[in-house]
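For the sequence shown, position 570 matches number 570 in full-length UniProt numbering, and the numbering has no gaps at all. Working notes, beginning with the structure itself.
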Amino acid sequence: MQQDINRILDALDPSAPLAHRHIWLIGVLDWVRGDGKSVAAAVSRVQFLVEALEARPELLPRLRAWWRTMVLTVDFSVLLGDHGFAPRTAFASEFNERLRRKLLPGTPETVDASALFSLAFPRRIDGAWLAALDEPLLQRLAHQLSDPEDPRTPPWQSVVLDAITYCAGQIQANGFAPELRLRMGPKARSDRAFHALVGDVDQLARAVRQTASQEAVDAAAQQLRERLESCRQAVGDVYAHLEENGISVGVVFRLRQLRERIVRVRELLDMLLGGKPLASGARLIARLAQAEQDKKSLRALVTANSSLLAAKVAERSAETGEHYITRDVPAYLRMLRKAAGGGFLTGFTVLLKFGIMAIGLSAFWGGFWAGVSYAASFVLIQLLHCTLATKQPAMTAPAMAARLRDLTGDAVTRFVDEITHLTRSQVAAVLGNLLVVVPTVLGISLLMLHTLGHPMLDAKGAQYVLHSLDLRGPTLLFAAFTGVLLFAASIIGGWAENWFVLHRLDSALRYNPRITRVLGAGRAARWAGYMRENISGFASNITLGFMLGLVPAFLAFFAVGLDVRHVTLSAGQLAAAASALGPAVLREEAFWWCVAAIPLIGALNLAVSFYLAFRVAARAHNVSNVDRARIYAAIRARLRHRPLQFFLPAVRPAASGTPDNDTPRRPPSDAGPADLLER
């Protein structure tokens, strides 16, 4: 190790060409990193490097000359002020840029500190060992790089001031963006925090560069910190208005960039004027090293964009999904009645499905008209205020995830209470659907037999139904796939509602002169309120209907044999097959395998759609893996100790203040996009 470091130090030449000076730095950091497996080993190598320099004082003039040339040649202000921030919002362009950085080599012949930083710190461990450097070791290294007897101002101060100026300019430009200013409240606009920000930075820079008194420097720094806090509050004001204006990925992107830049300026101030500037600088460089890895990661890009998209749809779904959760006996009975109505209407949907199959259309047109019948049936169920089983969880999961803003105290217990409420709701919905759809289909089939001379299905069609629903076949796989479609439909419903609100179409319906001339002011107002309340349901129901009909047809074109298995539709089809085969079907083994498959189909429909929706909502709320593990453990504990809570409502509400209190719990009034995006 001694020979290696001596060889590296002997190669130091401050007058070497630009590329060679940078190659020397990269070589030193490669030696410090070693095999890249141990943070402690890297810190030990830094200490060994410092000791080697202290043992050879004749090298210090060359090292200090190299460092001053480096600082004056390379633009470090861009690195400190802008590194780690995405310059674009478009996913495709950012993806192409990251792919280029991964595939094409960089050159050390550059004055761009960000490009040099990428070459100098290429490994994920770099951020860890930089953060592990302690203050005494950093002071020894800083003493070797700068001459304490040099009367000139340390060049790093100018670099940090330039970085603060650059970052503050970006904050000001984003704060002036119309899509943000129009969402700020009157107070935020009247305070004009963004207008004075750059002036406060200039005042601080003059105080530092003119070597003003410490009181003047501290006063300028305090003024800048207060201005940054005002800017942060203005950003929070925009968050508070997102619920009314709708959530836009572009707006959320700008807000997150603004918040991160405000934090960056505070870190630079600590580096410039804090009590431990070296430690603050090391922490900042460590964060930049971590950001460098994220900036090159395609996976991190997908994760960040999925978080933005989750934020876009989760809150809107939370608004529409809350009323699907039942918490007491009266609500449970109301859900049973609504589900009974949904089961009755689904019986006629089964009739339409078999009627379309009897026509013998091609795969596409058969799937298309089946989708039309499904969509019309689901919309009719919505209009009549009935319920279709398995349609709920993907919409209610975001409503519950809104309670995960703060997992301190008994928040996890309260969340598990919501899980029990949801599960009971699903039990009621499935029971209501199945208990009515089966006799409805049987009644329709018997009526057809007595009036038309044949049941809903012939014997061949009945045997096909028994074969397709058999538990020993791919039925459970198809049921899980249907859960994915249920989830996708709910996401589209949340997106549609957010789009409706974002573009203020409810206000357009209510006040647009041409619309009000046709409908009248009162009717236009009623239509506006009705569409805002129901647009998500219309979008998700129509989407689900067409997906159930067309997706299997499209997949069959590509030789992918996936079909759909919805619990209510499957139960209705099984009832039609039983009515066609008569009482003799009770002696067939295949029939009982189909009966056994029905509850499992329902369980998979519910579980898959709920799980996927919960993952989206948890990502939108930045719920960590540790907190998710706590939630899963709490759910398992509740299942072991009080399993009946997941299936039957409590006859009497629990005592006030207990975790199992079944009185309705609405989210706090401030549980909106501000909390969703703040974290």
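No residue lacks a Cβ here, since even glycine has one placed at the ideal position from N, Cα and C. Owing to the predicted nature of the structure, the values given are computational and were not obtained by experimental measurement.
Backbone CA spacing between residue 475 and residue 562 [nearest angstrom]: Looking up residue 475 in the sequence shown gives position 475. Looking up residue 562 in the sequence shown gives position 562. When rounded, the distance between both Cα atoms is 10 Å.
Between residue 361 and the ligand GDP, is there a pair consisting of the residue's CB and a ligand heavy atom that are separated by less than 7 Å? The model depicted lacks the ligand GDP and carries no ligand whatsoever.
Length of the line joining the Cα atoms of residue 354 and residue 457: By 1-based counting over the sequence shown, the position of residue 354 is 354. By 1-based counting over the sequence shown, the position of residue 457 is 457. Roughly 7 Å between the two C-alpha positions.
Considering only the alpha carbon of each residue, which of 358, 23, 59 and 73 lies closest to residue 455? Translated into the one-based positions of the sequence shown, residue 455 becomes position 455. It is 358.
Leaving out five residues before and five after residue 510 in sequence, what residues of the same chain have Cβ atoms less than 7 Å from its Cβ? As a first step, residue 510 is located in the sequence shown; it is residue number 510 there, counting from the start. Cβ neighbours of residue 510 beyond the five flanking positions: 524, 525 and 528.
Report the CB separation of residue 168 from residue 197 in whole angstroms; it is logged as a contact under 8 Å. Here residue 168 is taken as the residue at index 168 of the sequence shown, counted from 1. Here residue 197 is taken as the residue at index 197 of the sequence shown, counted from 1. The Cβ separation is near 5 Å, so the contact holds.
Status (buried if at least 16 other CB within 10 Å, exposed otherwise) for residue 658: By 1-based counting over the sequence shown, the position of residue 658 is 658. At residue 658, the pLDDT of 39 sits below 50, so the modelled position is not reliable; the number obtained from the coordinates is stated separately. So residue 658 ends up on the exposed side.
Between the Cα of residue 218 and the Cα atoms of 183, 207 and 627, which residue gives the shortest distance? As a first step, residue 218 must be located in the sequence shown, where it is residue number 218. Here the closest residue by C-alpha is 207.
Alpha carbons only, please: which of 129, 539 and 471 is nearest the one belonging to residue 495? Within the sequence shown, numbered from 1, the residue matching residue 495 stands at position 495. Considering only alpha carbons, the answer is 539.
Taking C-alpha atoms, which residue in 130, 255, 110 and 202 lies nearest to residue 240? Working through the sequence shown from its first residue, we reach residue 240 at position 240. With distances taken between CA atoms, residue 240 lies nearest to 255 out of 130, 255, 110 and 202.
Classify residue 565: buried if its beta carbon has 16 or more other beta carbons within 10 angstroms, exposed otherwise. Here residue 565 is taken as the residue at index 565 of the sequence shown, counted from 1. Label assigned to residue 565: buried.
Meets three-Cβ-pair contact criterion under 8 Å: the stretch 534-548 and the stretch 579-590: Contact between the stretch 534-548 and the stretch 579-590 is absent, because fewer than three Cβ pairs lie under 8 Å.
If I'm right that residue 267 touches residue 280 with Cβ under 8 Å, what's the distance once you round it to whole angstroms? Taking the sequence shown and counting its residues from 1, the one referred to as residue 267 is at position 267. Taking the sequence shown and counting its residues from 1, the one referred to as residue 280 is at position 280. In this structure residue 267 is in contact with residue 280, their Cβ atoms being roughly 7 Å apart against a cut-off of 8 Å.
Given residue 367 as reference, the closest of 133, 461, 273 and 552 once Cα atoms are compared: Position 367 of the sequence shown, counting from 1, holds the residue named residue 367. Comparing Cα positions, the closest option is 552.
Out of 14, 230, 348 and 571, which has the shortest C-alpha to C-alpha gap to residue 593? Here residue 593 refers to the residue found at position 593 of the sequence shown. Considering only alpha carbons, the answer is 571.
Work out the CA separation of residue 574 and residue 350 for me, nearest whole Å. As a position in the sequence shown, residue 350 is number 350, starting the count at 1. As a position in the sequence shown, residue 574 is number 574, starting the count at 1. Taking C-alpha positions only, residue 350 is separated from residue 574 by approximately 10 Å.
Closest by CA to residue 184, which one among 220, 200, 230 and 221? Here the question's residue 184 lines up with position 184 in the sequence shown. For residue 184, the nearest C-alpha among the options comes from 230.
Close Cβ partners of residue 590 (< 6 Å) along its chain, the five nearest in sequence each way excluded: Here residue 590 refers to the residue found at position 590 when the sequence shown is read from its first residue. 466 and 470.
Helix, strand or coil: how does DSSP classify residue 417 here? Reading the sequence shown from its first residue, position 417 is the one you call residue 417. Reduced to three states, the DSSP call for residue 417 is helix.
Just how far apart, CA to CA, sit residue 595 and residue 418? The count along the sequence shown starts at 1 and reaches residue 595 at position 595. The count along the sequence shown starts at 1 and reaches residue 418 at position 418. A straight-line Cα-Cα distance of about 30 Å links residue 595 and residue 418.
Per the contact definition of three or more C-beta pairs closer than 8 Å, is the stretch 34-50 in contact with the stretch 118-138? Yes, the stretch 118-138 is in contact with the stretch 34-50.
Which residues mark the beginning and the end of the alpha helix (DSSP H) in which residue 534 is found? In the sequence shown, residue 534 corresponds to position 534, counting from 1. DSSP places residue 534 inside the alpha helix (DSSP H), whose first and last residues are 521-557.
Beta-ladder partner(s) of residue 470, from DSSP: For the purposes of this step, residue 470 is taken as residue 470 along the sequence shown, with counting starting at 1. DSSP lists no partner for residue 470.
Beta-carbon proximity of residue 82 to residue 112, cut-off 8 Å: For the purposes of this step, residue 82 is identified with residue 82 of the sequence shown, where counting begins at 1. For the purposes of this step, residue 112 is identified with residue 112 of the sequence shown, where counting begins at 1. No.
Whole alpha helix (DSSP H) runs in the stretch 15-66 with 4 or more residues, listed along the chain? For the stretch 15-66, whole alpha helix (DSSP H) runs of length 4 or above, ordered along the chain, are 18-33 and 39-55.
Under a three-way DSSP split, which group does residue 112 fall into? By one-based count along the sequence shown, residue 112 stands at place 112. The answer is strand: DSSP assigns residue 112 an E or B state.
Apart from the five residues just before and just after residue 373, which ones in its own chain have a Cβ nearer than 8 Å to its Cβ? Locating residue 373 in the sequence shown gives position 373, counting from the first residue. 349, 352, 353, 356, 545 and 549, listed in sequence order.
Among the residues of its own chain, which have a CB less than 8 Å from the CB of residue 12, if the five just before and after it don't count? Start at 1 with the first residue of the sequence shown, and residue 12 comes out as number 12. Taken in chain order, the residues that qualify are 24, 59, 62, 63 and 66.
May I ask which residues mark the beginning and end of the alpha helix (DSSP H) holding residue 181? For this step, residue 181 is matched to residue 181 along the sequence shown. Element bounds for residue 181: 178-181.
Suppose contacts are defined by Cβ-Cβ distances below 8 Å. Is residue 486 in contact with residue 605 by that definition? Along the sequence shown, one-based indexing puts residue 486 at 486. Along the sequence shown, one-based indexing puts residue 605 at 605. The beta carbons of residue 486 and residue 605 sit closer together than 8 Å.
Does the count of Cβ pairs from the stretch 512-521 and the stretch 326-344 closer than 8 Å reach three? A contact is defined here as three or more CB-CB pairs under 8 Å, and the stretch 512-521 fails this definition with respect to the stretch 326-344.
Which word fits residue 498, buried or exposed, when buried means at least 16 other C-beta atoms lie within 10 angstroms of its C-beta? Within the sequence shown, residue 498 is the residue found at index 498, counting from 1. By the 10 Å Cβ count, residue 498 comes out buried.
Work out the CA separation of residue 86 and residue 177 for me, nearest whole Å. In the sequence shown, counting from the first residue as 1, residue 177 sits at position 177. In the sequence shown, counting from the first residue as 1, residue 86 sits at position 86. The straight-line gap from Cα to Cα measures roughly 17 Å.
Between residue 106 and residue 93, is the Cβ-Cβ spacing less than 8 Å? Here residue 106 is taken as the residue at index 106 of the sequence shown, counted from 1. Here residue 93 is taken as the residue at index 93 of the sequence shown, counted from 1. No, the pair does not count as a contact, with Cβ atoms beyond the cut-off.
Where does the unbroken alpha helix (DSSP H) through residue 205 begin, and where does it stop? Along the sequence shown, one-based indexing puts residue 205 at 205. Note, residue 205: alpha helix (DSSP H), 193-209.
Which of helix, strand or coil does DSSP assign to residue 75? Taking the first residue of the sequence shown as position 1, residue 75 is located at position 75. Annotated three-state conformation of residue 75 is strand, per DSSP.
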